[in-house]
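Engineer:
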Amino acid sequence: MAKKQFKTESKRLLDLMINSVYTNKEIFLRELISNASDALDKLHFKLLTDNSAASSGNLEIRIVPDKENRTLSIIDNGIGMTQDELETNLGTIAKSGTLAFRSAMQKKTEGEEASEDENAPAANELEVIGQFGVGFYSAFMVADKITVLSRAYGSNEANIWESTGLDGYTVSPAEKADGCGTVITLHLKANGEEERFDRYLETYTLRELIKKYSDYIRYPIKMMVEETRMKEHECECECEHDHEDGECDCEHKEPEYETVTEEQTLNSMVPLWRRNKAELTDEDYNGFYTDKFHDYEEPLAHIHSCTEGGVTYNSILFIPASAPYNYFSKNYKRGLQLYSNGVMIMESCEDLLPEYFGFVKGLVDSSDISLNISREMLQQSRQLRAIASGLKKKIKAELEKMLEFDREKYEKFFKAFGLSLKYGIYESYGMEAENLKDLLLYKSAKEDKLVTLKEYAARLMENQTEIYYACGESEEMIKALPQYKYLIGKGYDVLLMTENVDEFMLRMLNGYDGKPFKSITDNDINIQDEDEKKALEQKQTEHAELLEAVKTALDGRVKEVRLSARLSDSPAALTSEGPLSLEMEKVLAEMPMGGGAKAERVLELNPDHPVFEALSRVKDDEAMLASYAGILYGQAQLLAGLKLDDPTKFAESLNALLVK
């Protein structure tokens, strides 16, 4: 029979399908199995709606690898295709028999009264998957020749479609004695330097790909599998040992093995997320999670939902108990598995989750997303954006419920993933603050436990208009700060923050419930009464000359030297002015490009400390004043967790003071 040519636009599309749309060659099997499933769906529908129709057996898909001839066959006993359908569906690329079938059935359902047959499927049950004329051609990524032998239901004639790719195809009569259905045979390409195509004939590879992409196809996917097993035999020895299952465990008996070939079903067929939630237990969800996502710990929570409306989808989401070892590294792959009617489209779809919820594991299955879609098109999909928006709300609601009703579990979650929420506020420049601020927890110094910002704000002292916090490398270092001791002594509560992002995030959060955040090391905290203020101002005036001399001795290292009433039992401390705090300076100093950022430092001195009296006594000795000032400044640096400017000089000044 003469070879027929593809249309010009079809040739271009075929070339695009092979070289551009699918970058992952292994998905060809997913596409062909999905097409086979659609053919079975069509026959199943016909058997339910046509009383004269008769089935030729159980509906199933068979995979047949032939290593000797280097062919792989995908066989179904579905509706099959006539000669005209072969040419229409396969001769014109992107012509979708499946899509036409679904459209026709939906129109029929909409235009007729409901069927009285209780077994007749509803319109929304016509969940055919792919588009034969699109996904089918992905097989040319691994095959240099494809044959399609098909016999339509109700016909005694079969036809075979054959093509080697862009040069066209032939359709001719053929024999198919085993009833209706389709046999697609791929003649695999020769192995290349970068690709071993014969791996698609290996049992392990086929089993893995079916489990990965097509595990939830509703029909059984069967294959003859060869396995080696211990041979069963009767024990003929005269020993007195116990034997079970006909096996002998005597030392003199060598085990014998045999190779057995048997038919196995490779897919599980029933997705957990499509089952009724009332039928499922926590053990069902936890088992599914640990098995599918390879986690040894059970999840803290699961979210199972079926959403209908503008976009219809099923989803199961899990909140893990612990962060993976590489969660906060660039190597961590976040995202949800994305399915179209039980067929995996993408193993890790990042666009379904905001980055700050990247710890969530799970999957989404939607009939509104086409199986035949490229990653680039998917990223721009309106349906995908709608699903992502819905999932974000569900995750937040689940975390809020956990926070309210199971505080212990929520605190475990926050210790594992709280940093992710903080970065979500910081990296969005505060745009996600409203969404995340009530999920944050911080250690309360006063209550010695984790509290929310809402809980802190509800317990402010009378006349307190700011939320006090302290940043440091550890709680112990924070509690050593003189400003901390002063505020706690006055009865105020302080939120303890020990992660690098904390203070940067607070700047983006810009207050809570109308109350600004105030670092205890800021120099403008003022909680003294009027008498205390007047007493301090008087001392400041009295010692103005000494303070100026100390500033001069420090030679530009501080912007100002002033007296303070909030240093408790410490002689000196550093505070800051301006947008950059001392803690932010420390964090930036650890970054490759941030070492030059400096806070505007203020040295505060305690006028009631004996050291200040000693400083006053040497105010006329320039050298001694400079030495004392340097020691006090260095001491304040260490107390604030900062590095000494000159450790050698600091040690020499201390030594000189000791031997005086």
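Note that our numbering numbers the sequence shown so that position 275 is 633, with each residue one more than the last. C-beta: ideal position from N, C-alpha, C; glycine also.
1. For glutamate 590, count neighbouring C-beta atoms within 10 Å of its own C-beta (all shown protein chains included) and say buried if the count is 16 or more, exposed if not.
2. Confirm, please, whether the CB-CB distance from glycine 716 to arginine 743 is below 7 Å.
3. Cβ atoms of alanine 955 and leucine 946: under 7 Å apart, would you say?
4. Could you give the DSSP three-state label for leucine 963: helix, strand or coil?
5. Who pairs with tryptophan 519 in a beta bridge, going by DSSP?
6. Would alanine 360 be called buried (16 or more neighbouring beta carbons within 10 Å of its own) or exposed?
7. Using only CA atoms, which one of Glu584, Ala755, Arg959 and Leu973 lies nearest to histidine 662?
8. Is the beta carbon of glutamate 708 closer than 7 Å to that of glutamine 695?
9. Count the other CB atoms within 10 Å of the CB of alanine 535; is the residue buried (16 or more) or exposed (fewer)?
10. Determine the DSSP secondary structure at lysine 1001, reduced to helix, strand or coil.
11. For the alpha helix (DSSP H) that contains methionine 835, what are its first and last residues?
12. Could you check the C-alpha separation between serine 680 and lysine 767 for me, to the nearest Å?
13. Checking 7 Å against the spacing of the C-beta atoms, do tyrosine 827 and tyrosine 850 come in under that value?
14. Specify, as a first and last residue, the run of the beta strand (DSSP E) that leucine 853 falls within.
15. Which residue's Cα is closest to the Cα of methionine 627: Ile989, Thr522, Glu418 and Asn684?
16. Does valine 722 pass the burial test, meaning 16 or more other C-beta atoms within 10 Å, or should it be called exposed?
17. Tell me which residue opens and which closes the alpha helix (DSSP H) that alanine 746 is part of.
18. Alpha carbon to alpha carbon, how far is serine 739 from leucine 711?
19. Would the region 418-429 count as touching the region 522-540 if we require 3 or more Cβ pairs under 8 Å?
20. Going residue by residue through the region 891-932, where are the continuous beta strand (DSSP E) segments of at least 3 residues, counting only ones entirely within it?
21. What first and last residue would you give for the beta strand (DSSP E) that runs through isoleucine 542?
22. Do we get a CB-CB distance below 7 Å when we pair lysine 400 with the residues of chain D?
23. Roughly how many whole angstroms lie between the Cα atoms of phenylalanine 970 and serine 1011?
24. Could you check which residue in His402, Ser922 and Leu761 has the C-alpha nearest to that of tyrosine 844?
25. Excluding the 5 residues flanking asparagine 549 on each side, which residues of the same chain have their C-beta closer than 7 Å to its C-beta?
26. State the Cα-Cα distance for the pair threonine 586 and asparagine 435, rounded to the nearest angstrom.
27. For lysine 719, write down the residues that DSSP places opposite it in a beta bridge.
28. In terms of alpha-carbon separation, which member of Gly512, Leu544 and Pro531 lies closest to lysine 503?
29. What distance in whole Å lies between the Cβ atoms of tyrosine 714 and tyrosine 781, which are believed to be in contact at a cut-off of 8 Å?
30. Can you say whether glutamate 941 is buried or exposed, counting buried as having 16 or more other CB atoms within 10 angstroms of its CB?
31. Assign valine 486 to one of two classes, buried (16 or more other C-beta atoms within 10 Å of its C-beta) or exposed (fewer than that).
32. In angstroms with no decimal places, state the Cα-to-Cα distance between glutamate 584 and glutamate 620.
33. Should glutamine 993 be labelled buried (16 or more other beta-carbon atoms within 10 Å of its own) or exposed?
34. Would you check if the distance between the CB atom of tyrosine 986 and the CB atom of methionine 863 is smaller than 7 Å?
35. Drop a sphere of 10 angstroms on the beta-carbon of threonine 879, count the other beta-carbons inside from all chains shown, and report buried for 16 or more, exposed for fewer.
36. Are the CB atoms of alanine 397 and isoleucine 432 within a distance shorter than 7 Å?
Structural biologist: On the basis of the data shown:
1. Exposed, because fewer than 16 other Cβ atoms sit within 10 Å of the Cβ of glutamate 590.
2. No. Outside cutoff.
3. For the 7 Å CB-CB criterion, leucine 946 and alanine 955 form a contact.
4. In the structure shown, leucine 963 sits in a strand (DSSP, three-state: E or B).
5. Partner residues in the beta bridge of tryptophan 519, as assigned by DSSP, are Val506 and Val529.
6. Alanine 360 comes out exposed.
7. Of Glu584, Ala755, Arg959 and Leu973, the smallest CA-CA separation from histidine 662 is found for Ala755.
8. Result no, Cβ atoms of glutamine 695 and glutamate 708 do not sit closer than 7 Å.
9. By the Cβ-count criterion, alanine 535 is exposed, with fewer than 16 other Cβ atoms from all chains shown falling within 10 Å of its own Cβ.
10. The three-state secondary structure of lysine 1001, taken from DSSP, is coil.
11. Run containing methionine 835: 833-837, per the alpha helix (DSSP H) assignment.
12. Roughly 12 Å separates the two Cα atoms.
13. Going by beta carbons, tyrosine 827 and tyrosine 850 fall outside the 7 Å limit.
14. For leucine 853, the enclosing beta strand (DSSP E) has its first and last residue at 853-855.
15. Selected option, being the one with the closest Cα: Glu418.
16. Around the Cβ of valine 722, a 10 Å sphere holds 16 or more other Cβ atoms; the residue is buried.
17. Per DSSP, alanine 746 belongs to the alpha helix (DSSP H) from 740-763.
18. Spanning the alpha carbons of serine 739 and leucine 711 requires a straight line of approximately 14 Å.
19. No, they do not touch.
20. The qualifying runs are 918-921.
21. 539-546 is the extent of the beta strand (DSSP E) around isoleucine 542.
22. No chain D appears in the structure shown, which is made up of a single protein chain.
23. Take the alpha-carbon of phenylalanine 970 and the one of serine 1011: they are about 17 Å apart.
24. By alpha-carbon distance to tyrosine 844, the top candidate from His402, Ser922 and Leu761 is Ser922.
25. Beyond the five residues adjoining it in sequence on each side, asparagine 549 comes within less than 7 Å, by CB distance, of Phe555 and Asp556 in the same chain, given in chain order.
26. C-alpha separation (whole angstroms): 30 Å.
27. Phe676, per the DSSP bridge assignment.
28. The shortest C-alpha separation from lysine 503 is found at Leu544.
29. So it is a contact: roughly 6 Å between Cβ atoms.
30. Glutamate 941 counts as buried, since at least 16 other C-beta atoms from the protein chains shown sit within 10 angstroms of its C-beta.
31. Residue placement at valine 486 is poorly supported in this model, since its pLDDT is 41, which falls under 50; the coordinates are not used for a value here.
32. C-alpha separation (whole angstroms): 7 Å.
33. Under the 10 Å beta carbon count, glutamine 993 is surrounded by 16 or more other beta carbons and is classified as buried.
34. Result no, Cβ atoms of tyrosine 986 and methionine 863 do not sit closer than 7 Å.
35. So threonine 879 counts as buried.
36. Going by C-beta atoms, isoleucine 432 is not nearer than 7 Å to alanine 397.
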